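**Q** The following block contains the structure, expressed as structure tokens.
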Amino acid sequence: MPIVLYWGDDDFALEEAVKTLKEKTLDPNWSSFNFDRILPDQPDGAIQGLNQAMTQPFGMGQRLVWLVESPVLQSCPETVLAELERTLPQIPETTVLLWTSSSKPNGRLKLTKLLQKYADIQEFAVIPPWKTEQIEAQVRQIAKDRGVRLSRPAGDFLVEAIGNNTRQLYGELEKLKLYAENTTEPLSLEIVERLVTTSTQNSLQLAGSIRIGDTSKSLELLQDLINRNEAPLKILATLVGQFRTWLWVKVLLESGERDDKTIAACAEIANPKRIYFLQQEIRNLSLSKLLKTLPLLLETETQLKRGQEPLSTLQTSIIELCEICQS
Numbered sequence: 011m012p013i014v015l016y017w018g019d020d021d022f023a024l025e026e027a028v029k030t031l032k033e034k035t036l037d038p039n040w041s042s043f044n045f046d047r048i049l050p051d052q053p054d055g056a057i058q059g060l061n062q063a064m065t066q067p068f069g070m071g072q073r074l075v076w077l078v079e080s081p082v083l084q085s086c087p088e089t090v091l092a093e094l095e096r097t098l099p100q101i102p103e104t105t106v107l108l109w110t111s112s113s114k115p116n117g118r119l120k121l122t123k124l125l126q127k128y129a130d131i132q133e134f135a136v137i138p139p140w141k142t143e144q145i146e147a148q149v150r151q152i153a154k155d156r157g158v159r160l161s162r163p164a165g166d167f168l169v170e171a172i173g174n175n176t177r178q179l180y181g182e183l184e185k186l187k188l189y190a191e192n193t194t195e196p197l198s199l200e201i202v203e204r205l206v207t208t209s210t211q212n213s214l215q216l217a218g219s220i221r222i223g224d225t226s227k228s229l230e231l232l233q234d235l236i237n238r239n240e241a242p243l244k245i246l247a248t249l250v251g252q253f254r255t256w257l258w259v260k261v262l263l264e265s266g267e268r269d270d271k272t273i274a275a276c277a278e279i280a281n282p283k284r285i286y287f288l289q290q291e292i293r294n295l296s297l298s299k300l301l302k303t304l305p306l307l308l309e310t311e312t313q314l315k316r317g318q319e320p321l322s323t324l325q326t327s328i329i330e331l332c333e334i335c336q337s
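Residue numbering for the sequence shown follows the working numbering, starting at 11 and increasing by one per position.
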């Protein structure tokens, strides 16, 4: 399809998709003639992009016209829309017109509906760190795409070690791919543990440490996350998501629900088999304790958004959460 729209906040995955599209579209000997990158600050960038898209490529290969963060995806003047409505259906097969945006295109725009009709649209969103099933699926799919065969324990370790960090995942898989050239067997856990750079501290581990009331370990994990430039609001979002999941499961169990599929559906958990492990995690936590955690976490979010110092705010909140879980 000659029109492509990539959008989402996983900038590295999006960049990789653009790189792959360039390799598929452009002949390397003619790329300097057939590649146009139009930045958002260029006047009439969308019109300029259309004009270039209608131009036949020079030499071999196709032409690639890339509209980067085009402002018309959020607000499109009528004059520009009219030109797009006239031209988009006419884009020749010799051209690929690529739009990219870190934000979701404005769904109320006629342009968005036009792109939904004519474009191949792909979303590149960072998976929330508490959605472990999605992260596992992503890790295994990207490993497969990169030609890296992993044993089941090795894949599980990679999920735990990297989480939703797509940039690190690609880097580690590239390293594993080089090693795998010397073997035909799936890479074992021992090999992956030896080769993969792992930061053992992540926000889910922080949630688990708070759950058992380990204050000193929780503060140590928090400090490590901050030292690795993890965004405070992102850390907090993971804690909110995890404690909300635990609360949902506890509420349903306390109400007498025993069907794992029902509990999973209500708690928005993709894999019902995970319910067993969640039950074990909250076995020693009462419903009353869990009910106290979310108001505290939401109050912490308000404080952070009002500009309070992130580290001390999170430290205070974590100490209070640990005290709740200990009591």
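Every residue gets a Cβ at the ideal spot worked out from N, C-alpha and C, and that includes glycine. Bear in mind the structure is a predicted one, so any value in this text is a computation, not a measurement.
So what does DSSP say about D224, is it helix, strand or coil?
**A** Working through the sequence shown from its first residue, we reach residue 224 at position 214. Correct three-state label for D224: coil.
**Q** From what residue to what residue does the beta strand (DSSP E) around T110 run?
**A** Counted from its first residue, the sequence shown places residue 110 at position 100. Run containing T110: T105 to S111, per the beta strand (DSSP E) assignment.
**Q** I want to know whether the stretch 33-45 touches the stretch 144-158 - three or more CB-CB distances under 8 Å.
**A** Touching, no, given that fewer than three Cβ pairs across the two stretches are closer than 8 Å.
**Q** Suppose you measure from the CA of K271 to the CA of K283; what does that come to, to the nearest Å?
**A** Position 261 of the sequence shown holds residue 271. Position 273 of the sequence shown holds residue 283. Spanning the two alpha carbons is a distance of roughly 8 Å.
**Q** Rounding to the nearest angstrom, what Cα-Cα distance links A274 and L24 in this structure?
**A** To locate residue 274, count along the sequence shown from 1; it is residue 264. To locate residue 24, count along the sequence shown from 1; it is residue 14. Cα to Cα, the separation comes out at about 31 Å.
**Q** Between the alpha carbons of C86 and S111, how many angstroms are there, rounded?
**A** Along the sequence shown, read from residue 1 onward, the residue named residue 86 stands at position 76. Along the sequence shown, read from residue 1 onward, the residue named residue 111 stands at position 101. Rounded to the nearest angstrom, the two C-alpha atoms are 14 Å apart.
**Q** Would you tell me roughly how many angstroms separate the C-alpha atoms of L246 and P115, rounded to the nearest one?
**A** Taking the sequence shown and counting its residues from 1, one reaches residue 246 at position 236. Taking the sequence shown and counting its residues from 1, one reaches residue 115 at position 105. Their backbone Cα atoms lie some 27 Å apart in a straight line.
**Q** Taking the alpha carbon of L125 as the point to measure from, which residue in A135, P99 and I137 has its own alpha carbon closest?
**A** Working through the sequence shown from its first residue, we reach residue 125 at position 115. Selected option, being the one with the closest Cα: P99.
**Q** L249 and L307 look like a contact to me (Cβ under 8 Å); what is the Cβ gap, rounded to whole Å?
**A** Here residue 249 refers to the residue found at position 239 of the sequence shown. Here residue 307 refers to the residue found at position 297 of the sequence shown. L249 to L307, Cβ: 6 Å. Contact.
**Q** Touching or not, the stretch 75-92 and the stretch 42-58, by the rule of three or more beta carbon pairs under 8 Å?
**A** The stretch 75-92, when compared against the stretch 42-58, does touch it at the 8 Å Cβ threshold.
**Q** Around the Cβ of R221, are there at least 16 other Cβ atoms within 10 angstroms (buried) or fewer (exposed)?
**A** Position 211 of the sequence shown, counting from 1, holds the residue named residue 221. Per the 10 Å Cβ criterion, buried.
**Q** Can E170 and N281 be called in contact, C-beta distance under 9 Å?
**A** As a first step, residue 170 must be located in the sequence shown, where it is residue number 160. As a first step, residue 281 must be located in the sequence shown, where it is residue number 271. No, these two residues do not count as a Cβ contact at 9 Å.
**Q** Can you check whether the CB of R150 is closer than 9 Å to the CB of G165?
**A** As a position in the sequence shown, residue 165 is number 155, starting the count at 1. As a position in the sequence shown, residue 150 is number 140, starting the count at 1. Their beta carbons are under 9 Å apart, which means G165 touches R150 by this criterion.
**Q** Quick test of your reading: F253 and L304, contact by CB under 8 Å. State the CB separation rounded to the nearest angstrom.
**A** On the sequence shown, residue 253 is found 243 positions in, with the first residue counted as 1. On the sequence shown, residue 304 is found 294 positions in, with the first residue counted as 1. Yes, F253 and L304 are in contact; Cβ-Cβ is about 6 Å, under 8 Å.
**Q** State yes or no: is the C-beta of M64 within less than 9 Å of the C-beta of I13?
**A** Looking up residue 64 in the sequence shown gives position 54. Looking up residue 13 in the sequence shown gives position 3. Cβ atoms of M64 and I13: not closer than 9 Å.
**Q** Does D155 come out as helix, strand or coil in the three-state DSSP assignment?
**A** Along the sequence shown, one-based indexing puts residue 155 at 145. Helix at D155.
**Q** Which term fits S113, buried or exposed, when burial requires 16 or more other beta carbons within 10 angstroms of its beta carbon?
**A** Residue 113 sits at position 103 when you count from the first residue of the sequence shown. Label assigned to S113: exposed.
**Q** Quick check on the burial criterion: 16 or more other C-beta atoms within 10 angstroms. Buried or exposed for T194?
**A** On the sequence shown, position 184 is the one that residue 194 refers to. With fewer than 16 other Cβ atoms within 10 Å, it is exposed.
**Q** To which residues does DSSP link V78 through a beta bridge?
**A** Locating residue 78 in the sequence shown gives position 68, counting from the first residue. BP columns for V78 point to T110.
**Q** According to DSSP, simplified to helix, strand and coil, what is Q318?
**A** Here residue 318 refers to the residue found at position 308 of the sequence shown. The answer is coil: DSSP assigns Q318 none of H, G, I, E or B.
**Q** Could you pull out every residue in the same chain whose Cβ sits closer than 6 Å to the Cβ of T210, ignoring the five residues on either side in sequence?
**A** For this step, residue 210 is matched to residue 200 along the sequence shown. Because T210 carries a pLDDT of 44, less than 50, the predicted location of this residue cannot be relied on, and the following value inherits that uncertainty. Cβ within range, chain order: n/a, list empty.
**Q** Return the CA-CA distance between V82 and N212, expressed in angstroms with no decimal places.
**A** In the sequence shown, counting from the first residue as 1, residue 82 sits at position 72. In the sequence shown, counting from the first residue as 1, residue 212 sits at position 202. Cα to Cα, V82 sits roughly 38 Å from N212.
**Q** Going by C-alpha distance, which of P139, G223 and L199 is nearest C335?
**A** Here residue 335 is taken as the residue at index 325 of the sequence shown, counted from 1. It is G223 whose Cα lies nearest to the Cα of C335.
**Q** Quick one: is Y9 buried, meaning 16 or more other Cβ sit within 10 Å of its Cβ, or exposed?
**A** This structure cannot speak to residue 9, because the chain is shown only from 11 to 337.
**Q** Is it the case that the Cβ atoms of S337 and K299 are separated by a distance below 9 Å?
**A** Stepping through the sequence shown from its first residue, residue 337 is reached at position 327. Stepping through the sequence shown from its first residue, residue 299 is reached at position 289. A contact, by the Cβ cut-off of 9 Å.
**Q** With a threshold of 8 Å on Cβ separation, who are the neighbours of K187 within its own chain once the five nearest residues in sequence on each side are excluded?
**A** Reading the sequence shown from its first residue, position 177 is the one you call residue 187. Excluding sequence neighbours, K187 sits near R156, G157 and V158.
**Q** For V106, count neighbouring Cβ atoms within 10 angstroms of its own Cβ and tell me buried if that reaches 16, exposed if not.
**A** Translated into positions along the sequence shown, residue 106 becomes position 96. With 16 or more other Cβ atoms within 10 Å, it is buried.
**Q** Looking at the secondary structure, which residues open and close the beta strand (DSSP E) in which I356 lies?
**A** Residue numbering for the chain in the displayed model covers 11 to 337; residue 356 lies beyond these limits and cannot be assessed.
**Q** Select from W109, L94 and Q58 the residue whose C-alpha is nearest the C-alpha of K32.
**A** Position 22 of the sequence shown, counted from the start, is the residue given in the question as residue 32. Residue W109 is the option with its Cα nearest to K32.
**Q** With respect to the beta strand (DSSP E) encompassing R47, which residues constitute its N-terminal and C-terminal limits?
**A** Taking the sequence shown and counting its residues from 1, one reaches residue 47 at position 37. Looking at the DSSP string, the run of the beta strand (DSSP E) that includes R47 is F45 to I48.
**Q** How big is the Cα-Cα spacing for S265 and L331?
**A** Position 255 of the sequence shown, counting from 1, holds the residue named residue 265. Position 321 of the sequence shown, counting from 1, holds the residue named residue 331. Cα to Cα, the separation comes out at about 25 Å.
**Q** Would you mind stating whether T323 and P196 have Cβ atoms separated by less than 9 Å?
**A** Counting from 1 along the sequence shown, the entry for residue 323 is found at position 313. Counting from 1 along the sequence shown, the entry for residue 196 is found at position 186. Going by C-beta atoms, T323 is not nearer than 9 Å to P196.
**Q** Rounded to a whole number of angstroms, what is the C-alpha to C-alpha distance between A27 and T35?
**A** Locating residue 27 in the sequence shown gives position 17, counting from the first residue. Locating residue 35 in the sequence shown gives position 25, counting from the first residue. Approximately 12 Å between the Cα atoms of the pair.
**Q** For W258 and I292, which I take to be in contact (beta-carbon distance under 8 Å), what is that distance rounded to the nearest angstrom?
**A** Residue 258 sits at position 248 when you count from the first residue of the sequence shown. Residue 292 sits at position 282 when you count from the first residue of the sequence shown. With 8 Å as the limit, W258 and I292 do not qualify as a contact, their Cβ atoms being about 10 Å apart.
**Q** Just mark P67 as buried or exposed, buried being the case when its beta carbon has 16 or more other beta carbons within 10 Å.
**A** Walking along the sequence shown from the start, residue 67 turns up at place 57. It is buried - the Cβ of P67 has at least 16 other Cβ atoms within 10 Å.
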